[in-house]
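Report on one structure; see the data block that follows.
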Amino acid sequence: MAIRSNLRKYGMFYLMMLPGFLILLVNNYLPMAGIVIAFKSMTYQHSNILLNFVDSEWVGLENFKYLFKTSDAWIITRNTLLYNSLFIVLNLIIPVIFAIMLNELRSKFLARFHQSIIFLPYILSWIVVSYLVYGLLHDKNGFVNTTILPAFGVDPVQWYFKVEAWPYIMPLVNTVKNVGYYMVIYMAAIIGIDDEYYEAATIDGANKWQQIMKITIPLLIPVMIIMTLLQIGRIFYADFGLFYQVPKESGPLFPVTNVIDTYVYRTFIAMGDSGLSSAAGLYQSTVGFILVFLSNWFVRRIDKDSALF
Amino acid sequence: MEAPVERAPSKPVNSLSPVGDWTIKIIFFIYSALCIFPILLLVMVSLSNESDVIVHGYKFIPTKIDLSAYKFVFSDWESIARAYGVSAFVTVVGTALSLIVMALYAYPISRPDFPQRKFFTFFVFFTMLFNGGLVPWYLIYVRFLHLKDSIWSLILPLVMSAFFVLIIRTFFSTTIPAAIIESAKIDGAGEMRIFFRIVLPLSTPVLATVALFSTLNYWNDWFLSLVFITTEKNYSLQYVMYKTLTNIQYLTQHSDAIAHIGGATKFPSETVRMAMAVVGIGPIIFAYPFFQKYFVKGLTVGAVKG
């Protein structure tokens, strides 16, 4: 009875939600149920996945044992965590400095102009960015090797084979691409600060530096904490585009450019090992899930309204 | 009176000293120049002469302007036009579909009188916290929906974004007065009618923002092509650019284009690669000045959630 009256009253609501519901079911929830294939040795004789699933043999933790026996598991975990930690620090410091400086520019026209340019890399695809990096780093023709290094009398470098260089190149590329995004967020927060604080400070004779250190930055701290914690929640997920496109899949660079996401992709699509790949995927989802929970718990303690849930 | 100032600062007493102002100006000019430089370099190389590039490498100022790379790219204009077509179709259909499906889902969960709203909110929200990973997701699309190499595999995965659904939901519940919906109901309007006639027209700011970001997501996507697409007729623009960068031979496969310039040895691979990139980047760069301020506005909308 209750169900029938609910349906009569809200039937239209269920109808409205149906397309979105079905897409979520197929695109998100069926794959979630599919994580069990990490505990199977999958074979693909049928064209239907359900039949393949039933036909395949349970292997327990074999896939995981195999994954963690290789040195890859350690390397991809280390790379993912270290790069993301570095990105989080850079995405905090540089955008805050940029936002404060841009806000101080006397000419608002120039401020808008620079903001547009700094934001531009954010909307370019990783394919485009990898072209731009290629134009600079190509070993024979790249601008760095043909123009910049000769100017300093340095020999050309084979960048796409130079393992030591990439722990610097990756953070640089990532920062240039994302600094505009975070800068805009911090600028919005700065604009929201009440002018009266600065007026009072000026009357008391505080100089610009003191105002920045004693007013602007302390008032930005809540936003800084939230932005940082949101990124910490995603620290186990690498930016696939950055790590797959920018190093152009150069094999010698894998020790410093292979991350969990690229590993999952390569073991599955290139090597066709769905067991190993899904084990790595489940490892990522599970640890990622725990980290989101922990970081959200911290966000809630600081500012309830900014918490994800 | 003093000399006229360029602009009336809101806080003249508190504005930065000229030295500080100039320091910041110089820092930003250098940074902005560094941002723009790689893009201009690409354009310059695409306009260069191939033998100049082979001898001197990628130079910022070409010794002479040579359009042969573009001539080559456009001698095979059908495949570029098709790639543009695929990208445009995926972007337009995807964004429209995504917007309507997400708004339809967001409306019921924004209504406080809907008893199941908590469950359906959680149902969409949970997808932000946990996912099944690449393998099961791929198998569902390929061996359950059988969408391998279908243009719909480029559209469907990006239709529902939990984050956007929650933003639209919050906008509905905070900006649309409950009294308006109530009075429409008293006047006998059904939920569909209320949604299309009242809720949607009042929500253009949030819908425009979501549409803009959705457009960008579809236009810039190459991952779905990388995973699902196998035949050339379904290549999107980004994917053609990717193929060109990883393997310049990809372009030489079009034998009539090669014959057109007189054999594979005359193929200006370096400049053609960059010309292809310019052809691909073009629309974004031209559209950017017009949409830039909406992106910036949209980011601050993204900060609102509930």
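From first to last, the protein sequence lines stand for chains A and B.
Position one of the first sequence corresponds to residue 3 (the working numbering), numbered consecutively onward.
Position one of the second sequence corresponds to residue 296 (the working numbering), numbered consecutively onward.
Virtual Cβ for every residue (Gly too), placed ideally from N, Cα, C.
Nearest to Leu278/A (by Cα), restricted to the options Leu293/A, Asn86/A, Ile262/A: Looking at Leu293/A, Asn86/A, Ile262/A, the one whose alpha-carbon comes closest to that of Leu278/A is Ile262/A.
Inter-residue spacing [alpha-carbon to alpha-carbon] between Met189/A and Pro584/B: Roughly 19 Å separates the two Cα atoms.
CB contact below 7 Å: Glu106/A versus chain B: Yes, because at least one Cβ of chain B sits closer than 7 Å to the Cβ of Glu106/A.
For Val181/A and Ser520/B, the rounded distance between their alpha carbons: For Ser520/B and Val181/A, the distance between alpha carbons rounds to 27 Å.
Any C-beta of chain B under 7 Å from that of Leu32/A: Yes, contact with chain B.
Rounded C-alpha distance that separates Trp317/B from Gly137/A: Rounded to whole angstroms, Trp317/B to Gly137/A spans 32 Å at the Cα level.
Test: Trp317/B CB closer than 7 Å to a CB of chain A: Residue-level contact check: Trp317/B does not touch chain A, since none of the beta carbons of chain A fall below 7 Å from its beta carbon.
Identity of the residue in Val38/A, Tyr68/A, Gly62/A nearest Asn2/A by Cα: Absent from the structure is residue 2/A, since the part of chain A shown begins at 3 and ends at 311.
Own chain, CB closer than 8 Å to Thr218/A, minus 5 neighbours either side, in chain order: The answer, listed in chain order, is Ile102, Ile192, Ile195.
Proximity test, Cβ basis, 7 Å: Pro299/B and chain A: Because Pro299/B sits at a pLDDT of 41, beneath the cut-off of 50, its placement in the model cannot be relied upon, and the point is left open.
Residues bridged to Glu59/A (per DSSP): Glu59/A is bridged to Ser43/A.
Three-state secondary structure assigned by DSSP to Leu206/A: Leu is not the amino acid found at residue 206/A; the sequence shown has Asp there. Correct three-state label for Asp206/A: coil.
Rounded separation between Leu112/A and Phe324/B - CA only: Cα to Cα, the separation comes out at about 10 Å.
Ile78/A (DSSP reduced to helix, strand or coil): Of the three classes helix, strand and coil, the one that applies to Ile78/A here is helix, per DSSP.
Cβ-based neighbour list, Gly144/A, same chain, cut-off 8 Å, excluding 5 preceding and 5 following: Excluding positions up to five away in sequence, the list reads Tyr136, Gly137, Leu138, Trp161.
Test: Gly36/A CB closer than 7 Å to a CB of chain B: Taking 7 Å as the CB threshold, Gly36/A lines the interface with chain B.
8 Å contact criterion, which Glu345/B and Thr566/B should meet: CB distance rounded: Between Glu345/B and Thr566/B, the beta carbon gap of about 5 Å places them in contact (Cβ cut-off 8 Å).
Stretch pair the region 74 to 91 of chain A + the region 163 to 183 of chain A: three plus CB contacts closer than 8 Å: A contact exists between the region 74 to 91 of chain A and the region 163 to 183 of chain A.
Interface partners of Lys315/A on chain B, CB under 8 Å: Nothing about residue 315/A can be reported from this structure: the residues present for chain A run from 3 to 311 only.
3 or more residues per run - each beta strand (DSSP E) lying fully within the region 108 to 165 of chain A: With a minimum length of 3 residues, no continuous beta strand (DSSP E) run stays inside the region 108 to 165 of chain A.
Under the three-state DSSP convention, the category Trp517/B falls into: Trp517/B falls in the coil class under three-state DSSP.
Residue span of the alpha helix (DSSP H) that contains Pro169/A, given as start and end: Unbroken alpha helix (DSSP H) run through Pro169/A: 168 to 193.
Cβ of Asn344/B within 7 Å of any chain A Cβ: In terms of beta-carbon proximity, Asn344/B stays away from the interface with chain A, with every pair separated by 7 Å or more.
Chain B within 7 Å of Thr259/A, Cβ atoms only: For Thr259/A, the closest Cβ of chain B is not nearer than 7 Å.
Short Cβ contact (7 Å threshold) for Gly427/B with Gly36/A: Yes. Within cutoff.
Close beta carbons around Ala401/B, own chain, < 7 Å, minus the five adjacent residues each side: Cβ within range, chain order: Val460, Ile463, Arg464, Phe467.
Chain-ordered neighbours of Phe367/B on chain A, where CB pairs are closer than 9 Å: The premise fails here: Phe367/B is roughly 17 Å from chain A at the closest Cβ pair, so nothing lies under 9 Å.
Terminal residues of the alpha helix (DSSP H) in which Gly380/B lies: That run of the alpha helix (DSSP H) goes 372 to 405.
Interfacial residues, the region 145 to 164 of chain A to chain B, with Cβ spacing under 8 Å: So the close ones are Phe145, Asn147, Thr148, Thr149.
Contacts that Gln47/A makes with chain B (C-beta to C-beta distance below 8 Å): Within chain B, not a single residue places a beta-carbon under 8 Å from that of Gln47/A; the smallest gap is close to 11 Å.
Sequence-distant residues of the same chain with beta carbon closer than 6 Å to Pro254/A, five excluded per side: Correct list, in chain order: Phe163.
Cβ-Cβ distance between Ile435/B and Thr416/B below 7 Å: By the CB criterion at 7 Å, Ile435/B and Thr416/B fall outside the cutoff.
Helix, strand or coil at Asp444/B according to DSSP, with G and I counted as helix: Coil, per DSSP.
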